[in-house]
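Structure record follows, encoded as structure tokens.
Numbering (my numbering), first residue to last: 4 to 369.
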């Protein structure tokens, strides 16, 4: 019997040869929002290295203030979509599957060498995760137009040959800003005191995307408790609140919950060793993806800042949880930035040949 990591997985129209997923990682190598040939080659190499499913870096929808950096790729417009079609074709040529991560950053700080936008960022209440009022509050017309932009991007993903898609609903970006009471102070139907109230925007995005792609096209939603502005933040403080959060999203059409943690081995709630993905699967019955320091010895953000966490860690605990059925797929992030053949080396037991992650890896597309 093959290792559980290398067993196949199927869901609706999506069939994967193993359980490894490339996690979305913002790389900022798409000038003017248009992927370059280097971006095509970057994803092709990971598919050639036996990654079963590639989730692209965040790609922004067609809204004036969806991105804070001109080097973050768009998922709209003929020129950008033509290049993404080349990415999908290159991945398919290596036997891999691919889905775009569709994104709106919401209210964030300007970033990068050519910071955007020229107008104010938009969010549920115009607030950063720090509480600073640096954006504008979205009107209901803004919300409707944004939902339509997500649906349009989803339809384009299917049209140009992607195998599935992911909505970015984590880490304090737009969809997550609606989930989080600290950034969502609205009193209309998109806000309220409980997560059951604040889930409405995410539900409507999901329904619109489902209508755009049909029933058989897999939709993943990336979620996180933690935010960039705080590791200890929790949308759901207990399983009951998590059910109020994820249940409506599951009913709206989410097929897979991609659960971001700093460390996959840390329990989500007291009294159980289940991580976020384990609880999400238990509550919704839907497949889940776990992610968080897979293949690294260091903690999540310090390695990005300081270059720590370069040594591969044993995968025994990850395998134990996969075999127990806590989750269905395993997303690998930083380990794949430096080593496109990481998955292949796991399969062949060549752990000593793995290239460790370092912050210098971010300066180029390997």
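For glycine and all other residues, C-beta sits at the position ideal for the given N, C-alpha and C.
My understanding is that residue i touches residue j, with C-beta atoms under 8 Å, so please give their C-beta distance in whole angstroms.
i, j, result
"residue 345", "residue 333", "About 12 Å separates the two Cβ atoms, so there is no contact after all."
"residue 68", "residue 144", "Residue 68 to residue 144, Cβ: 14 Å. No contact."
"residue 211", "residue 151", "7 Å"
"residue 267", "residue 283", "About 13 Å; that fails the 8 Å criterion."
"residue 157", "residue 215", "5 Å"
"residue 347", "residue 8", "That pair is no contact at about 12 Å."
"residue 100", "residue 17", "7 Å"
"residue 51", "residue 24", "In fact, because the Cβ distance is near 16 Å, the residues do not count as touching under 8 Å."
"residue 383", "residue 369", "For residue 383 there is no data in the structure shown, the boundaries of the chain being 4 and 369."
"residue 22", "residue 325", "7 Å"
"residue 169", "residue 105", "7 Å"
Can you tell me where the beta strand (DSSP E) with residue i in it begins and where it stops?
i, result
"residue 334", "332-335"
"residue 182", "Segment 177-182 is the alpha helix (DSSP H) holding residue 182; no beta strand (DSSP E) there."
"residue 106", "100-106"
"residue 291", "291-294"
"residue 221", "221-227"
"residue 12", "12-14"
"residue 261", "259-263"
"residue 24", "23-25"
"residue 190", "Unbroken run through residue 190: none, as it is neither H nor E."
"residue 18", "17-19"
Quick check on residue i: buried or exposed, where buried means 16 or more other Cβ atoms within 10 Å of its Cβ?
i, result
"residue 359", "buried"
"residue 354", "exposed"
"residue 191", "exposed"
"residue 53", "buried"
"residue 327", "exposed"
"residue 132", "buried"
"residue 269", "exposed"
"residue 319", "exposed"
"residue 373", "The displayed coordinates of the chain run from 4 to 369. Any statement about residue 373 would go beyond what the structure contains."
"residue 40", "exposed"
"residue 10", "exposed"
"residue 452", "As shown, the chain starts at 4 and ends at 369. That puts residue 452 outside it, with no answer to give."
"residue 386", "Residue 386 is absent from the model: the chain starts at 4 and stops at 369."
"residue 303", "Summary for residue 303: the model assigns pLDDT 37, below 50, so the residue's position carries little reliability, and this model does not support an answer."
"residue 187", "buried"
"residue 363", "exposed"
"residue 356", "exposed"
"residue 343", "buried"
"residue 38", "buried"
"residue 86", "buried"
For the alpha helix (DSSP H) containing residue i, list its first residue and its last residue.
i, result
"residue 322", "319-327"
"residue 282", "279-287"
"residue 201", "198-201"
"residue 364", "First-last for residue 364: undefined, no H or E at that position."
"residue 245", "242-255"
"residue 349", "345-351"
Stretch pair the segment 213-225 + the segment 163-179: three plus CB contacts closer than 8 Å: yes
Touch test, the segment 73-80 against the segment 27-36, Cβ-Cβ under 8 Å, three pairs minimum: yes
Cβ contact check for the segment 57-65 and the segment 127-140: 3 or more pairs under 8 Å: Result no; under three Cβ-Cβ pairs closer than 8 Å.
Segments assigned beta strand (DSSP E), at least 3 residues, entirely inside the segment 113-171: 167-171
Every unbroken beta strand (DSSP E) inside the segment 50-94 [3 residues or more]: 56-63
Cβ contact (3+ pairs, closer than 8 Å) linking the segment 34-45 and the segment 238-256: no
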